[in-house]
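Heads up: the sequence shown begins at 1 in the UniProt record's numbering, then just goes up one per residue.
Don't be surprised by glycine CBs; every beta carbon is placed ideally from N, CA and C.
Beneath this line is the structure, given in structure tokens, with notes to follow.
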Amino acid sequence: MFWRSVVGKLWFTILLLVSFVLFILTVLLLEFFESYHVFQAEQRLMQNAKKVSSIVEEYEDDRELTLSIVEKIVDPSSRIVIAFDEQDYWISQSKDESVPIISMDWILENEDLTSVLREQTSVMQENILPNSNTNVMIVGYPLTNDEGAVFVYQSLKFVEKTTSETTKIILLGAGIAIILTTIFAFFLSTRITSPLIKMREGAFELARGEFNTKIPILTHDEIGELAIAFNRMGRQLKYHINALNQEKEQLSGILRSMADGVITLNRKGHMLVTNPPADQFMEAWFFENKDKQYQEQDMLPEELQNILQEVISLEKEIMTEFTVQGRSWVVIMTPLYDKSYVRGAVAVIRDMTEERRLDKLRKDFIANVSHELRTPISMLQGYSEAIVDDVAETKEDKNELAQIIYDESLRMGRLVNELLDLARMEAGHIQLNIEQVEVKPFVERIIKKFQAMAHEQEVEIVLNMDEKLDDEYIDVDPDRMEQVMTNLLDNAIRHTNINSQVEVSVSVINDHLQLSVTDHGAGIPDEDLPFVFERFYKGDKSRKRTKGKAGTGLGLSIAKNIVEAHNGTISVHSMLNEGTTFLIKIARKQE
1 MFWRSVVGKL WFTILLLVSF VLFILTVLLL EFFESYHVFQ AEQRLMQNAK KVSSIVEEYE
61 DDRELTLSIV EKIVDPSSRI VIAFDEQDYW ISQSKDESVP IISMDWILEN EDLTSVLREQ
121 TSVMQENILP NSNTNVMIVG YPLTNDEGAV FVYQSLKFVE KTTSETTKII LLGAGIAIIL
181 TTIFAFFLST RITSPLIKMR EGAFELARGE FNTKIPILTH DEIGELAIAF NRMGRQLKYH
241 INALNQEKEQ LSGILRSMAD GVITLNRKGH MLVTNPPADQ FMEAWFFENK DKQYQEQDML
301 PEELQNILQE VISLEKEIMT EFTVQGRSWV VIMTPLYDKS YVRGAVAVIR DMTEERRLDK
361 LRKDFIANVS HELRTPISML QGYSEAIVDD VAETKEDKNE LAQIIYDESL RMGRLVNELL
421 DLARMEAGHI QLNIEQVEVK PFVERIIKKF QAMAHEQEVE IVLNMDEKLD DEYIDVDPDR
481 MEQVMTNLLD NAIRHTNINS QVEVSVSVIN DHLQLSVTDH GAGIPDEDLP FVFERFYKGD
541 KSRKRTKGKA GTGLGLSIAK NIVEAHNGTI SVHSMLNEGT TFLIKIARKQ E
């Protein structure tokens, strides 16, 4: 609204101030001019009375001449009463009927006027004439004969009329002054507030983020200095906002790039700042515990709220571990200070699933290696003691014990070599000698190596090869791929049923060579399928028909590493009592 604006307030203030000053001045002027007009009328009447008194005294012997002269000099708006004594008097005529004739009796009844006749003193007074209610001003001046006096009176309407005209002029001047003041005040307030309005618009622009807004400098007074300060403030604000944005983007980038989750909390448990890993943790928590109420309010769940309150009250770091959706999370919560006051906390959330898995693998590895080495070492120790103690008496018995010791030593050597190979592969130190290998002869040669073993186990090896592979080549390390095929065929022959088949299929799919080895044995249980490529994995004992040829449990893990080093994939499919199929896919051309 206009009255609430600076222009309205400034205009109204100036107008009110000037109006108040003009009101006081008008009242004082009216009082002054009213008194002045009365005083002037009294002085004029007194001068007329003195003048008539001198004429009467000068022409004392000729009364007619005296009265004639007085008639001529008398003011038409006044009347003159010449009292030669209390019984002898003369009253002049007046052209103005508003000035009534007063009687000598009324004068004699007035003590002040009678004193002029008796005490020879001049008198000035205002009075109301009887029977007319006319307010008159009357003066009396004594004659020198000590008996008479001259009375001159005039109606105050003439004074009031003059005062009224003066009042009109004063009020007109005051009205003109108020109008001019209004125009001047409006112009002045507009002139003053125009830069302020531009500053207000500039402030709104700054609030919307337009930091390049500049206020024009129209004057060189305080308002101009304010405009200069405003423009300087805009530049400084832009600089500081840009600096804050850069720091915010830098902090946001750091938080986003962190592998650990970070959550900033206030004292009430509201999450103020989070990064993607923290969001994943909270989403998994809310999904598992179905805490929709806390999720909608963007607050920590109740379990973490308790930890937060403990951190705030004790002012110390607390570390806890949770399992959410099958993953292990460590939460480290530290108090966040505002000087000496704890205003919240910072929670760092670390996914420890891989570390826990590696710890488990390390423990399992040590246990498995210990288990695998304990049996051959025990056998070596036992049979060697038998030889030392001459338990074996005949040469045949000693040769048999020596053969067992030799086989177990080979088994231990094979286990150690496979462990070294696997460690090098997992460390990324595997070296491949890529060559162009003709597919069909390569596969047939490997199958031929196992024909004797298959015949011994009463198993038939069947090769199914695509006709497109007659002259097809593939880029592989032949020694490493032969190691993979050897492991798969050895497992298939040992785990398939008697009088059954081991099928080897080779085909081309787009730019990949697909190779599969299928046995018809007992199969692998569903709960064991995810772990067949882990180190020291072994199937159920019921799947082993030949105890003497038990594996180390490292072959499939080594095979997987070799295939993945060729940028390929290896997978397994199995059905209980039906058999198992290992499937390998490798690109025909290595980049």
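Excluding the 5 residues flanking residue i on each side, which residues of the same chain have their C-beta closer than 7 Å to its C-beta?
i, result
"S571", "L583"
"L65", "Y59"
"S557", "L422, F533, E534 and R535"
"K238", "F211"
"I55", "T66, I69 and V70"
"K440", "M465, L469 and D470"
Buried or exposed: residue i, going by 16 or more other Cβ atoms within 10 Å of its Cβ?
i, result
"H270", "exposed"
"T13", "exposed"
"N399", "exposed"
"S409", "exposed"
"R208", "exposed"
"R411", "buried"
"L554", "buried"
"V506", "buried"
"S370", "exposed"
"F32", "exposed"
"P376", "buried"
"P277", "buried"
"N242", "exposed"
"I509", "exposed"
"I254", "exposed"
"A559", "buried"
"N577", "exposed"
"Y341", "exposed"
"A83", "buried"
"T181", "buried"
Which residues in the same chain as residue i place their Cβ atom closer than 6 Å to its Cβ, once the five residues preceding and following it in sequence are excluded?
i, result
"T496", "V459, V502, D519, H520 and G521"
"R480", "I562"
"A185", "W11, I14 and L15"
"T274", "I263"
"G202", "T213 and I215"
"Y141", "A49, K50, S53, S122 and V150"
"I586", "L513, H566 and G568"
"T353", "R327 and S328"
"E57", "T144"
Using the three-state DSSP reduction, which class does residue i fall into: helix, strand or coil?
i, result
"P376", "helix"
"D479", "helix"
"A347", "strand"
"Y406", "helix"
"K468", "helix"
"E503", "strand"
"V439", "helix"
"V535", "Inspection of the sequence shows that residue 535 is occupied by Arg rather than by Val. Coil at R535, not helix or strand."
"M352", "coil"
"A259", "coil"
"L432", "coil"
"P100", "coil"
So what does residue i bridge to, in DSSP terms?
i, result
"E225", "Answer is none; E225 lacks a bridge partner."
"D338", "Y341"
"H220", "Answer is none; H220 lacks a bridge partner."
"E321", "V330"
"H512", "I509 and A587"
"T518", "E503 and T581"
"residue 620", "As shown, the chain starts at 1 and ends at 591. That puts residue 620 outside it, with no answer to give."
"W90", "I82"
"V572", "F582"
"Y473", "E438"
"M299", "H270"
"V459", "S500"
With a threshold of 8 Å on Cβ separation, who are the neighbours of residue i within its own chain once the five nearest residues in sequence on each side are excluded?
i, result
"I178", "L15, V18, S19 and L22"
"T580", "A492, H495, T518, D519, G521, G523, I524, V572, H573 and S574"
"A454", "E460, I461, I493 and V502"
Are the C-beta of residue i and some C-beta of chain D separated by less than 8 Å?
i, result
"M465", "In summary, chain D is missing from the structure at hand, where a single protein chain is found."
*Sufficient close CB pairs (3 or more, under 8 Å) joining the region 495-506 to the region 516-529*: yes
*Flag this pair as touching only if the region 147-158 and the region 13-29 have three or more C-beta atom pairs under 8 Å; answer yes or no.*
no
*Does the region 277-291 come close enough to the region 239-247 to have 3 or more Cβ pairs within less than 8 Å?*
no
_Validate contact between the region 308-325 and the region 217-230 using beta carbons, cut 8 Å, 3 pairs_ = no
*Can at least three beta-carbon pairs, one atom from the region 158-174 and one from the region 31-49, be found at a separation below 8 Å?*
yes
_Contact between the region 298-305 and the region 376-391 (3+ Cβ pairs under 8 Å)_ = no
_Does the contact criterion of 3 or more C-beta pairs under 8 Å hold for the region 277-284 versus the region 342-355?_
yes
*Say whether the region 191-199 touches the region 164-176, bearing in mind that this needs 3 or more beta-carbon pairs closer than 8 Å, one atom from each stretch.*
no
_Three CB pairs or more closer than 8 Å across the region 468-475 and the region 435-453_ = yes
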